[in-house]
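What follows is a short report on a single structure.
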């Protein structure tokens, strides 16, 4: 799932049961299908999907760069086991919500991109894995 804030910060977050995947911070304010495939699918999805094996299920949201044929073809070649797109199948949204609440409570507020990036990475590391697992298993 990619999240954009009002200043154009783009992040990708993957979640997996009993394991932490770091946030990926895109270095520009737009993500093309090519960048999504290269920076996310080829890096994180291939790595973690290979580690999980046949039980790996990859879900993404409806961001434009996720739905382009280039990405669909790449993912289908490796992971044909993919659920229908449905808001109730998006445990990552619950993780974003939990993380967003903790970021919003931080004082003082982050003033720079670097501070925001550091805060996001810190908060993701502090999010209890048991909570992430709960979101996945619901």
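Residue numbers (the working numbering): 4 to 141.
Glycine residues also receive a C-beta, built at the ideal position from the N, C-alpha and C atoms.
What you are looking at is a predicted structure, and each value in this text was computed from that prediction instead of being measured.
For residue i, which residues of its own chain have a beta-carbon under 8 Å away from its beta-carbon, when the five flanking residues on both sides are left out?
i	result
residue 105	126, 129 and 130
Restricting to Cα atoms, I'd like to know which of the options is closest to residue i.
i	options	result
residue 133	118, 46, 22 and 39	22
residue 24	41, 136 and 80	136
residue 141	113, 30 and 93	93
Starting from residue i, trace the alpha helix (DSSP H) in both directions and tell me its first and last residue.
i	result
residue 134	132-140
residue 124	116-129
To which residues of the same chain is residue i closer than 7 Å at the C-beta, ignoring the five residues directly before and after it?
i	result
residue 61	48, 52, 78, 82 and 85
Should residue i and residue j be called a contact, given that it needs their Cβ atoms to be closer than 8 Å?
i	j	result
residue 74	residue 40	yes
residue 42	residue 26	no
Can you have a look at residue i and say buried or exposed, based on whether 16 or more other CB atoms are within 10 angstroms of its CB?
i	result
residue 98	buried
residue 50	exposed
residue 63	buried
Whose C-beta lies closer than 6 Å to the C-beta of residue i among residues of the same chain, with five residues either side of it excluded?
i	result
residue 100	none
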